[in-house]
Amino acid sequence: MSKKVAVVTGANKGIGLAIVKGLCKAGFTGDILLTARNEKLGQEAIAGLQSEGFKNVVFHQLDICDQGSCMKLKKFLEEKYGGLDVLINNAGIAFKNAATEPFGEQAEVTMRTNFWGTLWACHALLPILRANARVVNVSSFVSKKSLDQCSAELQAKFRNKDLSEEELCLLMGEFVQDAQAGDHSAKGWPNTAYGTTKIGVTVLSRIQARVLNETRPGDGILLNACCPGWVRTDMAGPKAPKSPEEGAETPVYLAMLPEGAKEPHGQLVWDKTVQEW
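full-length UniProt numbering numbers the first residue of the sequence shown as 1 and each following residue consecutively.
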């Protein structure tokens with residue numbers, strides 16, 4: 001039996017780092033790969049964790065926006081562990097409210113990391129999931145809020161249980177094009193780049209869960225989207241009510257769902273509770 005392994009993306013600080021600690025404290029028995037784009041920051045995070053007594057944490061460089069980087073991680077996991085048991089797609093970005101970049105630019109940059117990066121990490125790593133694996137895509141309650149601000153037509157598309165990954169990708173591409181043309185509101189989109197990218201992550205999770213049901217029905221794999229809540233991080237600012245440790249609770253809960261559990265699967269979960277989409 002190969003050693004178990006978990007991967008947490010964007011994990012050198014904030015919620016990602018708290019998730020790594022949370023997995024250690026929850027008794028994850030294998031290695032936990034703390035990944036980050038910046039090797040120096042990643043190694044510093046590892047040193048900090050090891051000084052706190054968390055010994056089963058390993059660094060691996062990963063830039064989710066680089067498909068080559070995602071494939072390099074896949075190869076490493078296959079060679080060293082023979083597969084993957086837990087994947088937490090946490091890496092994400094958001095422009096500050098006071099950002100001066102044009103909305104079209106904000107839309108493109110945010111989409112590249114939050115949606116396309118998550119998708120590319122999944123394309124690389126979902127094929128090597130072992131039986132009873134757990135996948136958690138970190139989304140946001142803003143995805144639900146933003147969905148409610150979409151036109152009725154877009155809402156229907158995003159709630160369609162038969163929507164394909166290809167169709168979702170086309171919709172995410174359309175949003176960026178409409179944002180760059182300055183007519184996204186007229187086309188029924190909400191006025192938030194971050195929120196729209198997180199609609200993409202939540203809907204992607206629903207699609208991925210459905211595909212797993214079809215392709216690996218007996219393997220006991222559970223995949224969900226979650227909202228950590230409004231957390232005090234560099235991204236969300238110091239006024240947020242939750243600590244990173246509190247933000248990590250739901251992702252860790254989903255990652256540690258016991259073997260044999262049948263649900264949640266394909267859901268949006270926050271405060272350990274399934275939300276209606």
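Yeah, the Cβ is synthetic: ideal placement off N, Cα and C, and Gly gets one too.
Just so it is clear, the structure is predicted and the values come from calculations on it, not from any experiment.
Short Cβ contact (7 Å threshold) for residue i with residue j
i           : j    : result
V203        : T118 : no
V252        : A26  : yes
S205        : N160 : no
residue 286 : G16  : Outside the displayed range of the chain (1 to 277) lies residue 286, so it cannot be described from this structure.
S143        : I221 : no
N132        : E259 : yes
A248        : A18  : yes
L125        : K74  : yes
I207        : E165 : yes
S140        : G82  : no
Between the CA atoms of residue j and residue i - distance to the nearest angstrom
i    : j    : result
G218 : C226 : 24 Å
A152 : E108 : 24 Å
E78  : I128 : 7 Å
H123 : L223 : 14 Å
L212 : T250 : 22 Å
P228 : K80  : 31 Å
H60  : A186 : 43 Å
K272 : G92  : 21 Å
V57  : A45  : 10 Å
G188 : C150 : 5 Å
Q177 : L62  : 28 Å
L23  : A181 : 43 Å
M256 : F28  : 8 Å
W230 : E245 : 12 Å
R112 : H184 : 18 Å
W120 : S51  : 33 Å
M71  : A156 : 34 Å
Q43  : G53  : 15 Å
D66  : T197 : 18 Å
A261 : A98  : 44 Å
L163 : E214 : 14 Å
R130 : G173 : 32 Å
A179 : A193 : 9 Å
S69  : A240 : 32 Å
G104 : R216 : 39 Å
R232 : K96  : 14 Å
F76  : L168 : 30 Å
K40  : D148 : 41 Å
P238 : E263 : 34 Å
T100 : L154 : 28 Å
Nearest candidate by alpha-carbon position, reference residue i, set the options
i    : options                : result
V135 : L268, P190, G42        : L268
N191 : P102, Q50, N56, S2     : P102
V20  : L87, Q180, D66, L62    : L87
D234 : A6, V8, K3, K13        : K13
H265 : P241, E276, E165, A209 : A209
S146 : K272, W270, L73, G195  : G195
N89  : A36, R216, Q180, Q177  : A36
T110 : V274, A156, A94        : A94
Q106 : K239, R216, F175       : F175
D85  : I207, L171, G30, D66   : G30
K242 : K262, F54, W270        : W270
L49  : L33, N38, I64          : L33
L170 : D148, R216, W116       : W116
F158 : E276, N38, E263        : E276
Residue span of the beta strand (DSSP E) that contains residue i, given as start and end
i           : result
R134        : 129-138
residue 278 : Because the chain is modelled from 1 through 277, residue 278 falls outside the range shown and cannot be assessed.
I32         : 31-36
F28         : From DSSP, F28 is part of no beta strand (DSSP E); its letter is neither H nor E.
F59         : 57-61
Q267        : No beta strand (DSSP E) contains Q267, which DSSP labels as neither H nor E.
E100        : The amino acid occupying residue 100 in the given sequence is Thr; Glu does not appear at that position. Unbroken run through T100: none, as it is neither H nor E.
Start and end residues, alpha helix (DSSP H) containing residue i
i           : result
W120        : 118-125
T9          : T9 -> no alpha helix (DSSP H), and no H or E assigned at all.
Q67         : 67-81
T250        : 244-255
T110        : 103-111
residue 278 : The structure shown does not extend to residue 278, since the chain is modelled only from 1 to 277, so the question has no answer here.
beta-carbon residue i near the ligand NAP non-hydrogen atom, thresh 6 Å
i   : result
A98 : With respect to the ligand NAP, the structure shown offers nothing to examine, as it has no ligands at all.
**Prompt:** Quick one: complete alpha helix (DSSP H) runs, 4+ long, within the segment 144-200?
**Reply:** For the segment 144-200, whole alpha helix (DSSP H) runs of length 4 or above, ordered along the chain, are 152-159, 165-181.
**Asked** Can you list, in chain order, the stretches of the beta strand (DSSP E) that have 3 or more residues and sit fully within the segment 196-241?
**Response** Taking only runs of at least 3 residues, the beta strand (DSSP E) segments lying wholly in the segment 196-241 are 222-227.
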